[in-house]
Amino acid sequence: MGIGWIIRLLILAVAAANGAYLLRRRRLGERTGRRGVPSCAFTEEFRGKPQEIDKPWRFIEEERRVIEMMGRGASPQEVLDTLTHAIEKMEPDCLCTILLLNKDKRHLQKGSRGSLPAAYVDAVSGLEIGPDIGACGSAAFRNETVIVEDVATDYRFAGPAREFVMGFGLRACWSVPIRDSNHQVLGTFAMYHRYPAKPAADQLMLVEVGAHLAGNAIERLHATAKLRQYAERIDLSERAASFGIWEIVNGRIIFSDGFAALVGLSDGPREMPLKKWHSMVHPDDLPGMTAAAEAALARGETFHHEARVRLLDGSVHWHRVHGKEEYQDGWRKRVIGVSIDVTRENEMMLRLEQAMRTKSEFLAHISHEIRTPMNGLLGGISLLLDSGVTAEQREYIDTIRSCGDSLLQLVNDILDLSKIEAGKLRLERIPFHVMELVKRAVSVVVPLATARGLAVHLDLDKSLPQTLIGDPQRLHQTLLNLLSNAVKFTEHGSITVSAVVRERSANGLQVQFTVKDTGIGIPRDIQDAVFEPFTQADSSTTRRFGGTGLGLTICRQLVALMNGRLELESLPGSGSTFRFTVPFEIAADSAAVYTGPADSIPRSSRCLRILLAEDNPINQKVAAGLLHKMGHEVDIVGDGRKAIAAAQQGQYDAVLMDCQMPDIDGYAAARAICASTAGRLPIIALTAHATAEDRQLCLDAGMIGYIPKPISAERLFELLESCPTQAEIPAADPA
Numbered sequence: 001m002g003i004g005w006i007i008r009l010l011i012l013a014v015a016a017a018n019g020a021y022l023l024r025r026r027r028l029g030e031r032t033g034r035r036g037v038p039s040c041a042f043t044e045e046f047r048g049k050p051q052e053i054d055k056p057w058r059f060i061e062e063e064r065r066v067i068e069m070m071g072r073g074a075s076p077q078e079v080l081d082t083l084t085h086a087i088e089k090m091e092p093d094c095l096c097t098i099l100l101l102n103k104d105k106r107h108l109q110k111g112s113r114g115s116l117p118a119a120y121v122d123a124v125s126g127l128e129i130g131p132d133i134g135a136c137g138s139a140a141f142r143n144e145t146v147i148v149e150d151v152a153t154d155y156r157f158a159g160p161a162r163e164f165v166m167g168f169g170l171r172a173c174w175s176v177p178i179r180d181s182n183h184q185v186l187g188t189f190a191m192y193h194r195y196p197a198k199p200a201a202d203q204l205m206l207v208e209v210g211a212h213l214a215g216n217a218i219e220r221l222h223a224t225a226k227l228r229q230y231a232e233r234i235d236l237s238e239r240a241a242s243f244g245i246w247e248i249v250n251g252r253i254i255f256s257d258g259f260a261a262l263v264g265l266s267d268g269p270r271e272m273p274l275k276k277w278h279s280m281v282h283p284d285d286l287p288g289m290t291a292a293a294e295a296a297l298a299r300g301e302t303f304h305h306e307a308r309v310r311l312l313d314g315s316v317h318w319h320r321v322h323g324k325e326e327y328q329d330g331w332r333k334r335v336i337g338v339s340i341d342v343t344r345e346n347e348m349m350l351r352l353e354q355a356m357r358t359k360s361e362f363l364a365h366i367s368h369e370i371r372t373p374m375n376g377l378l379g380g381i382s383l384l385l386d387s388g389v390t391a392e393q394r395e396y397i398d399t400i401r402s403c404g405d406s407l408l409q410l411v412n413d414i415l416d417l418s419k420i421e422a423g424k425l426r427l428e429r430i431p432f433h434v435m436e437l438v439k440r441a442v443s444v445v446v447p448l449a450t451a452r453g454l455a456v457h458l459d460l461d462k463s464l465p466q467t468l469i470g471d472p473q474r475l476h477q478t479l480l481n482l483l484s485n486a487v488k489f490t491e492h493g494s495i496t497v498s499a500v501v502r503e504r505s506a507n508g509l510q511v512q513f514t515v516k517d518t519g520i521g522i523p524r525d526i527q528d529a530v531f532e533p534f535t536q537a538d539s540s541t542t543r544r545f546g547g548t549g550l551g552l553t554i555c556r557q558l559v560a561l562m563n564g565r566l567e568l569e570s571l572p573g574s575g576s577t578f579r580f581t582v583p584f585e586i587a588a589d590s591a592a593v594y595t596g597p598a599d600s601i602p603r604s605s606r607c608l609r610i611l612l613a614e615d616n617p618i619n620q621k622v623a624a625g626l627l628h629k630m631g632h633e634v635d636i637v638g639d640g641r642k643a644i645a646a647a648q649q650g651q652y653d654a655v656l657m658d659c660q661m662p663d664i665d666g667y668a669a670a671r672a673i674c675a676s677t678a679g680r681l682p683i684i685a686l687t688a689h690a691t692a693e694d695r696q697l698c699l700d701a702g703m704i705g706y707i708p709k710p711i712s713a714e715r716l717f718e719l720l721e722s723c724p725t726q727a728e729i730p731a732a733d734p735a
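For what it's worth, my numbering labels the leading residue of the sequence shown as 1, then goes sequentially.
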């Protein structure tokens, strides 16, 4: 409350005191037979007592002094002591005390003892309040003024309390509750006398106004303490979190200590012209920050931006700025906001990005090192099978190929996980035969399941359309992972695979795929954990059944990319059921359909002359063998420089270019060949790197296609069939 309000209150109080006095005089006149009191009676009564008239103005002066003390940050004890002594000066025969309720609101404690003996107030401190416990205890409990005219006879001072109080020479006590602005009791303001006394109206008014002013002072002290506490917390938060608060008013920026610390302004005023602040923002970032702020403020939104700030010591820090307008009566009052130093955060992000790049490079390198020998292994097996083998030999070869496929699947899982985490895995949208795809996935695990004595059941909804549009490779990968897990963790019983239509629209439908087994099952409390990378149900699972724990992680994330959700139902000893529903479009009957890998090497109806650029001898044999089986002629070179020379001298229909070669790599060689042949010679990339970025590098170098290792005979055949022979290419127009 402001001092002006209190002054008005005091003026009203003085008027009330004068009115009470006149009323008392009128009643006295009535008792003595007089009908009234002359108008000069008030003057006569106070003639010779100028201190009575001066009392309210002295109180106002004391009030002003108390408020000034609070403004200077005086302690609550100093303020309350000043108040009690001020009241005592205005009523010389009295002794004043302030007792405050403690936190439990049931006991009084010392606020100020005024001129009372310290021993008395110390003994009273801790007094439990109650309806009839002394003057102060009763006033605090009842929230009303309590007048004890004589301690010796008042029932509220019975027993030892009476002797104790009178032992200090105290006979009367007038106690008024100290209240806050919500009329809640904070304590009591009491005036004691050394003789029995009934308060006059002006005396009681003095106690009441003292209690009122004490309430104001206590409430203001509490508010000031809270504000100081909040300020300290904000200051601590600013220093701990490296942020600062600011506001822009009339072309100037006014800021907190935290902001000053952010920009290196330890001393001086906490404001500066806005132009000076703009001069500290990096010139490359200032236009963007200004434009972002103006655009957001024009829409009435909070703006967010990051910019570099040049500190006074010459260092550069990154600040993240958030700001918002405040309006008053439709006019912009100010712009307020915070700035956060995100230099360390940005540095950590840069290090994280570098770590991610290093991880990607490492995985790509590992992929290359594994795929190169795998190309020789699986390619050699394909050539061997195509050459004709006995049934016993085929069994052995199938075992070798199964092991090779497992190793290749492990490499693919690791690469897929890396791409999914980086948000770089993209799905295809091509037509495929859904029933054939499910059957093909089942056929891969049937030999192992049969060897373990497991039955495999297939349940396909007859209403399934023949051809859908989606990513057949990722769907096949998901089903194969789930089936492989089912076979791995099932020792007795069966595995059931189903595909059922759940919802159908004019152009699409939802298909629910289910893989159910009778295996070991998974406890409920760890079912979520099995979807985490490198995690299995327990540590013994890996030792007993093998595996990396990546399969289910890849499955759940692939299903999510296909706009579905993989769900698990399982109980230990009762098997597991994995279920997911994925939306697909229905393909037109005439759409070209993905059919998956073939069992034999396809033969071409024409003979192409092909230049093979490959530095690895094993891969040379595998690639050349595949090309010969397809019916093509092959010349082999071992590096990029020789590939450029051969392409310029020979008449080739196509070039198969390994991307990682010594001296000159495949990318540089492809660019040189494209330049020397005006792009007329088709170049197909062969690479052990299998990411989307690698594919783009090949296309950017001028190559027309991309085949990751191990080489897919079907993909190689498809690309070569699309290449025209040199005789079919029209001659270039002379320049």
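No residue lacks a Cβ here, since even glycine has one placed at the ideal position from N, Cα and C.
Counting of Cβ neighbours within 10 angstroms places Val263 among the buried residues, the total reaching 16 or more. Under the Cβ criterion (8 angstroms, minimum of three pairs), the region 562-579 does not count as touching the region 609-624.
If you look at Arg171, you'll find it isn't in any alpha helix (DSSP H); DSSP assigns it neither H nor E. Secondary structure within the region 416-487: the alpha helix (DSSP H) runs of 4 or more consecutive residues, fully enclosed, are 434-451 (chain order).
Separation of Gln393 and Ser387 (C-alpha to C-alpha, rounded to the nearest whole angstrom) is 12 angstroms. Annotation: the region 82-149 contains the following complete segments of the alpha helix (DSSP H) (minimum length 4 residues), in chain order: 118-124 and 134-142. DSSP places Thr577 inside the beta strand (DSSP E), whose first and last residues are Ser576 to Ile586.
Per DSSP, reduced to three states, the secondary structure at Phe362 is helical. Ile526 sits exposed, since fewer than 16 C-beta atoms from the chains shown fall within 10 Å of its C-beta. In the structure shown, Val389 adopts coil according to DSSP, grouped into three states. The alpha-carbon of Phe189 is positioned some 17 angstroms away from that of Ala201. Take Asn346, set aside five residues on each side of it, and the residues of its chain with a beta-carbon closer than 7 angstroms to its own are Trp318, in chain order. Here the region 109-121 makes no contact with the region 134-149; the two share fewer than three CB pairs at distances below 8 angstroms.
Out of Gly244, Leu509 and Ala455, the CA that lies nearest to the CA of Val500 is found in Leu509.
At a Cβ-Cβ threshold of 7 angstroms, Val176 and Arg162 do not count as neighbours. Just so you know, the alpha carbons of Ala646 and Val389 end up roughly 37 angstroms apart. Bridge partners of Pro177 according to DSSP: Thr188. Spatial neighbours of Pro572 in its own chain (CB-CB distance under 8 angstroms, excluding positions within 5 residues in sequence) are listed in chain order as Ile520, Gly521, Ile522 and Pro523.
The DSSP-derived three-state label of Gly288 is helix. When the beta-carbon positions are compared, Met661 and Asp615 come within less than 7 angstroms of each other. In this structure, Gly210 sits near Ile87, with a CB-CB distance shorter than 7 angstroms. If you draw a straight line from the Cα of Met703 to the Cα of Phe432, it comes to about 27 angstroms. Pairing His305 with Val281 gives a Cβ-Cβ distance that is not under 7 angstroms. For Lys324, DSSP records a beta bridge to Ile336. In the DSSP assignment, Arg715 is bridged to no other residue. C-alpha of Trp277 to C-alpha of Ile253: approximately 8 angstroms in a straight line. Per DSSP, the beta-bridge partners of Leu568 are Phe578.
Shown here, Thr224 sits in a helix according to DSSP, grouped into three states. In this structure Arg671 does not touch Ala643 by the C-beta definition: roughly 12 angstroms separates them, more than the 8 angstroms allowed. Taking a 10 Å sphere around the C-beta of Glu144, we find fewer than 16 other C-beta atoms and assign the residue as exposed. Spanning the alpha carbons of Glu326 and His183 requires a straight line of approximately 34 angstroms. In this structure, Ile469 places its C-beta atom within 7 angstroms of the C-beta atom of Glu585.
The beta carbon of Glu149 lies closer than 6 angstroms to those of Ala172, Pro196 and Lys198 in the same chain, with the five residues before and after it left out. Judged by beta-carbon spacing, Leu716 lies within the 7 angstroms limit of Ile707, meaning their Cβ atoms are closer than that value. A Cβ-Cβ contact shorter than 7 angstroms links Val497 with Val442. Counting along the chain, the unbroken alpha helix (DSSP H) around Tyr667 starts and ends at Gly666 to Ser676.
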